[in-house]
Amino acid sequence: MEMRSPLSRVRGLGAAHEGVAHWWAQRLTGVALVPLTLWFIWAMSGLLGADLAAMKAWMGTGQNAVLLILLIVAGMHHAQLGLQVVIEDYVHSESTKTVSLILIKLGAVLLGVLNIFAVLKLTFGS
Amino acid sequence: MARRERPLSPHLQVYRPQITSVLSITHRMTGVALAGGILILTYWLTSATYGADAFAAAQAVIGSWVGQVVLWGLLFSLYYHLGNGIRHLMWDAGSGFDLPSVRRTGMLVVLFAVVMTAATLGCAYFVIGG
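This is the structure we're talking about:
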């Protein structure tokens, strides 16, 4: 017997009332991060112990700056989605949980903007 | 109203660790470690915007023996999370969900992470000359 109302079924949001948006975003960013992180490891190996001039020359090629920004966006989003689940699983006090989630979400935006700004400054700045 | 202490699932104290559960929690722990690694990336990138001296200082911190050990850990975490993440995507696609496959791909992920970490470290130290 179908216990869910027709409205609930057509909304397709399930018992948690938020559907598959979180799950899908986690997978989508995960797929993007497969090539991006492999590129990142390779790229960073070339910058071990580099001085600022070498680092700016590397960034100045454009493609490296673009790939780095893509990595930052996908990585930050993926990280905050993952940390959200960890907090929801292990923090049981409702107030601590809410505050932690707010800090994670806002912190991810802050770090993302900081990193992107740094990439742009190193690429275009003096 | 008094809260009764109810038993929690899955009784971790009496639960025998298995490759499935150990690899699962390792996926989580490496994920949290990598989120922490973003802080190091942020430190590295932002320090470069403060000039050559600040960047040289950041490179020295990251290149110190403590920094190197942290980077090894992050490198292993990245390869592990990457390999196991692909394993998760495979499950999402609906394949390899029987127990023998789950064990086999689990061992494969551990092997991948260890070998790739060693290979990357080997290349890195060979290129920069120890």
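Sequence lines, in order, name chains L and C. If you're matching positions, the first sequence starts at 1 in the working numbering and goes up one per residue. If you're matching positions, the second sequence starts at 1001 in the working numbering and goes up one per residue. Where a beta carbon is used, it is the ideal one built from N, C-alpha and C, also for glycine. If you're wondering where the values come from, they're calculated on a predicted model, not measured in any experiment.
Close beta carbons around residue i, own chain, < 8 Å, minus the five adjacent residues each side
{"i": "A118 of chain L", "result": "none"}
{"i": "G1130 of chain C", "result": "Residue placement at G1130 of chain C cannot be trusted, given a pLDDT of 48 that sits under 50; what the coordinates show is reported in the next sentence. If we look at G1130 of chain C and ignore the five residues flanking it on each side, it has no Cβ neighbours."}
{"i": "G1073 of chain C", "result": "A1033"}
{"i": "K97 of chain L", "result": "I87, E88, V91"}
Short CB-CB distance (under 8 Å) between residue i and chain L
{"i": "G1073 of chain C", "result": "no"}
{"i": "F1055 of chain C", "result": "yes"}
{"i": "G1130 of chain C", "result": "Caution is warranted here: a pLDDT of 48 is assigned to G1130 of chain C, below 50, making its placement in the model unreliable, and the coordinate value is therefore given only provisionally. False, the Cβ-Cβ gap to chain L never drops below 8 Å."}
{"i": "D1092 of chain C", "result": "yes"}
{"i": "R1028 of chain C", "result": "yes"}
{"i": "L1034 of chain C", "result": "yes"}
{"i": "A1113 of chain C", "result": "no"}
{"i": "G1067 of chain C", "result": "no"}
{"i": "L1078 of chain C", "result": "yes"}
{"i": "G1122 of chain C", "result": "no"}
{"i": "I1038 of chain C", "result": "yes"}
{"i": "G1083 of chain C", "result": "no"}
{"i": "G1106 of chain C", "result": "no"}
{"i": "V1022 of chain C", "result": "no"}
{"i": "T1042 of chain C", "result": "yes"}
{"i": "T1117 of chain C", "result": "no"}
Status (buried if at least 16 other CB within 10 Å, exposed otherwise) for residue i
{"i": "Q63 of chain L", "result": "exposed"}
{"i": "W1044 of chain C", "result": "buried"}
{"i": "T61 of chain L", "result": "exposed"}
{"i": "T1120 of chain C", "result": "buried"}
{"i": "G112 of chain L", "result": "buried"}
{"i": "H1027 of chain C", "result": "buried"}
{"i": "F1097 of chain C", "result": "exposed"}
{"i": "H77 of chain L", "result": "buried"}
{"i": "M1116 of chain C", "result": "buried"}
{"i": "G1051 of chain C", "result": "exposed"}
{"i": "G125 of chain L", "result": "exposed"}
{"i": "A15 of chain L", "result": "exposed"}
{"i": "R1087 of chain C", "result": "buried"}
{"i": "I1025 of chain C", "result": "exposed"}
{"i": "S1077 of chain C", "result": "buried"}
{"i": "F1126 of chain C", "result": "exposed"}
{"i": "L1023 of chain C", "result": "buried"}
{"i": "G1037 of chain C", "result": "buried"}
Closer than 8 Å to chain C by CB, residue i
{"i": "K97 of chain L", "result": "no"}
{"i": "V86 of chain L", "result": "yes"}
{"i": "L103 of chain L", "result": "no"}
{"i": "V34 of chain L", "result": "yes"}
{"i": "G62 of chain L", "result": "no"}
{"i": "R4 of chain L", "result": "no"}
{"i": "G19 of chain L", "result": "no"}
{"i": "I69 of chain L", "result": "no"}
{"i": "S45 of chain L", "result": "yes"}
{"i": "G82 of chain L", "result": "yes"}
{"i": "L52 of chain L", "result": "yes"}
{"i": "T123 of chain L", "result": "no"}
{"i": "T37 of chain L", "result": "yes"}
Spatial neighbours of residue i in its chain, beta-carbon cut-off 6 Å, leaving aside the 5 residues before and after
{"i": "A32 of chain L", "result": "A74"}
{"i": "T29 of chain L", "result": "A74, H77, H78"}
Whole-Å CB distance - residue i paired with residue j, under 8 Å assumed
{"i": "G1031 of chain C", "j": "G49 of chain L", "result": "Wrong, their Cβ atoms sit about 28 Å apart, outside the cutoff."}
{"i": "A25 of chain L", "j": "L81 of chain L", "result": "6 Å"}
{"i": "T1020 of chain C", "j": "G1106 of chain C", "result": "7 Å"}
{"i": "T123 of chain L", "j": "M59 of chain L", "result": "5 Å"}
{"i": "L83 of chain L", "j": "L36 of chain L", "result": "Going by Cβ atoms, the distance from L83 of chain L to L36 of chain L rounds to 19 Å, so no, they are not a contact pair."}
{"i": "R27 of chain L", "j": "L1089 of chain C", "result": "7 Å"}
7 Å Cβ shell around residue i - same chain, five flanking residues per side excluded
{"i": "A1058 of chain C", "result": "Y1043, W1044, S1047"}
{"i": "A79 of chain L", "result": "A108"}
Query - contact_flag[the stretch 1076–1087 of chain C, the stretch 1101–1118 of chain C] where n(CB pairs < 8 Å) is 3 or more - result: yes
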